[in-house]
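Novice: Here you go, one structure.
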Amino acid sequence: MKTALWLYLFLFVAFFDLHAQYPILTPFAISIGAAPSFIGLMMGMYSITHLPGNVLASYGVDRYGSRLFIVFSLLGAGVILLFQAYVTDPWQLLLLRSVSGFVLAFLSPACLSLLARLTNDITEQGKLMAGNGLVHTLASVVSPAAGAYLVAKIGFSTAFTILGWVLIGTAICALVFIKEINGKLNRVPPPEANSIGTAASPAQSLPIPWLIYLLPVAFSCAQGILSFELPLLAKSHEAMMTTGLLFSVVSIGALITLSMLFLNRLSAFQRTLWGALSLALIYFGMAADVPLPLAVMLLFVGMAKGVILPALSTLLIELSGGTKYGRTFSVLSIAFSVGAFLGPMLAGQLRDQVSPYYIAFIALMLALALLPFYKFRVIVPNTHFSKTG
Numbered sequence: 286m287k288t289a290l291w292l293y294l295f296l297f298v299a300f301f302d303l304h305a306q307y308p309i310l311t312p313f314a315i316s317i318g319a320a321p322s323f324i325g326l327m328m329g330m331y332s333i334t335h336l337p338g339n340v341l342a343s344y345g346v347d348r349y350g351s352r353l354f355i356v357f358s359l360l361g362a363g364v365i366l367l368f369q370a371y372v373t374d375p376w377q378l379l380l381l382r383s384v385s386g387f388v389l390a391f392l393s394p395a396c397l398s399l400l401a402r403l404t405n406d407i408t409e410q411g412k413l414m415a416g417n418g419l420v421h422t423l424a425s426v427v428s429p430a431a432g433a434y435l436v437a438k439i440g441f442s443t444a445f446t447i448l449g450w451v452l453i454g455t456a457i458c459a460l461v462f463i464k465e466i467n468g469k470l471n472r473v474p475p476p477e478a479n480s481i482g483t484a485a486s487p488a489q490s491l492p493i494p495w496l497i498y499l500l501p502v503a504f505s506c507a508q509g510i511l512s513f514e515l516p517l518l519a520k521s522h523e524a525m526m527t528t529g530l531l532f533s534v535v536s537i538g539a540l541i542t543l544s545m546l547f548l549n550r551l552s553a554f555q556r557t558l559w560g561a562l563s564l565a566l567i568y569f570g571m572a573a574d575v576p577l578p579l580a581v582m583l584l585f586v587g588m589a590k591g592v593i594l595p596a597l598s599t600l601l602i603e604l605s606g607g608t609k610y611g612r613t614f615s616v617l618s619i620a621f622s623v624g625a626f627l628g629p630m631l632a633g634q635l636r637d638q639v640s641p642y643y644i645a646f647i648a649l650m651l652a653l654a655l656l657p658f659y660k661f662r663v664i665v666p667n668t669h670f671s672k673t674g
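Okay, here's the thing in structure tokens:
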């Protein structure tokens, strides 16, 4: 598991670096003359340019492994940040963010695929996915506030330069210390998976139904709306610090539920379903101006996020039948990218007509309404259900 430890370390640094930009990109764009609608377009383009990268990763990771794609993503993102430090026009920033979206599209599917190949045991794989969520969350707890503090002290240009060199250094270390794993899953599905009709043996593995991917589209749409709305609260360096702390509150909420190890006893499907339902209700409460402090609502958002993300990854591993991890997680990343494109775009265009949080609620509820139907597509042959009728 030495590879897992190195991977977690590099992921921590990478996620810390990337999340540190969340509270500062919108104020930076405003400082160079971007309007809120343009910022929504910029965030949407960052997400939509993930798609060609995700498509390439879906074939490349399975064929060539994860290591070089991880290094390429980190190195490319670092170089782009160095250029971003000298941007003076909103269209220049849009171009760089679009290219950044492409190069970072390889990072998530490559990392998740490598983690999944570290073991042949579905339980251990679930733990590794939870570990990935934990590392991601730990990095994002302090990084938004750190990014805002960094800008307040040294300015946008110097902050982007430092963050860029950190990513380049991480890419070099990843090239040296991460070892490629060519393991292949060969197991019989656990009783839990068969009981809900979510997995088949490798010989009987079925294509993952597209209905499953509607939920990550809705989830990332809601997250994109939140990432668009919160930075708009920042009108000064002091307010930017507050926004950074609010992003950290979301991560603290996720850390709370990720630490509740007893939740792993529930099936991945149940955790995904109930976590998404809770998140939808929280966004409805935010849209309806429930008399709770914003920080409390964001804490609840983070807690639901901490349930959904590892459960969704584990559910996809079960459904994949232990094959084509690169393709499975690349399609997941595509779904996240589509949702992350739609969220800021819709929020930027419709925020004067309707609360963006209400859009997030509708998206999640639509995905939840269709989610249970996926089980009719993945009934394992020779089961009680396949013999009826």
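Residue numbers (the working numbering): 286 to 674. For each residue, glycine too, the CB sits at the ideal point set by N, CA and C. From a predicted model like this one, the values you see are computed outputs, not experimental measurements.
1) Assuming the contact rule is C-beta atoms closer than 8 Å, Leu531 and Leu564 should be a hit. Round their C-beta distance to whole Å, please.
2) Could you have a look at Asn246 and say whether DSSP puts it in helix, strand or coil?
3) Could you work out which residue in Leu341, Met328 and Ala289 is closest to Thr613 when comparing CA atoms only?
4) Going by DSSP, what residue range makes up the alpha helix (DSSP H) through Ala314?
5) Skipping 5 residues on each side, what residues in its chain have a beta carbon closer than 7 Å to that of Pro429?
6) What is the C-beta distance between Pro595 and Met414, in whole angstroms, given that I count them as a contact (C-beta under 8 Å)?
7) Quick check on Gly591 - is its C-beta less than 8 Å from some C-beta in chain C?
8) Look at the alpha carbon of Leu448 and the alpha carbon of Leu604, and state the distance between them as a whole number of angstroms.
9) Extract the residue ranges of the alpha helix (DSSP H) inside the stretch 599 to 650, only unbroken runs of 4 or more that lie entirely within it.
10) Do the CB positions of Gly560 and Ala589 come within less than 8 Å of each other?
11) Within this structure, are the beta carbons of Ile463 and Leu292 separated by less than 8 Å?
12) In terms of residues, what are the limits of the alpha helix (DSSP H) holding Glu514?
13) At the level of alpha carbons, what is the spacing between Leu367 and Phe295?
14) For Arg402, which of helix, strand or coil comes out of DSSP?
15) I'd like to know whether the C-beta atoms of Ser536 and Gly587 end up nearer to each other than 8 Å.
16) If contact is defined by three or more beta carbon pairs under 8 Å, each pair taking one atom from either stretch, is the stretch 496 to 504 in contact with the stretch 389 to 402?
17) Under the rule that 16 or more other beta-carbon atoms within 10 Å means buried, what is Thr542, buried or exposed?
18) Just mark Gln508 as buried or exposed, buried being the case when its beta carbon has 16 or more other beta carbons within 10 Å.
Specialist: The structure says:
1) That belief does not hold up - the Cβ atoms of Leu531 and Leu564 are roughly 17 Å apart, past 8 Å.
2) For the chain, the structure presents residues 286 to 674; residue 246 sits outside this window and is missing.
3) Of the listed residues, the one whose Cα sits closest to Thr613 is Leu341.
4) Tyr307 to Ser316
5) His304, Ala305, Tyr307, Pro308, Gly529, Phe532 and Ser533
6) 5 Å
7) Although the question refers to chain C, the structure presented lacks it and comprises just one protein chain.
8) 37 Å
9) 610 to 635
10) Yes, the Cβ-Cβ distance between Gly560 and Ala589 is below 8 Å.
11) yes
12) Note, Glu514: alpha helix (DSSP H), Leu499 to Glu514.
13) So the two alpha carbons sit approximately 20 Å from each other.
14) coil
15) Cβ atoms of Ser536 and Gly587: closer than 8 Å.
16) no
17) buried
18) buried
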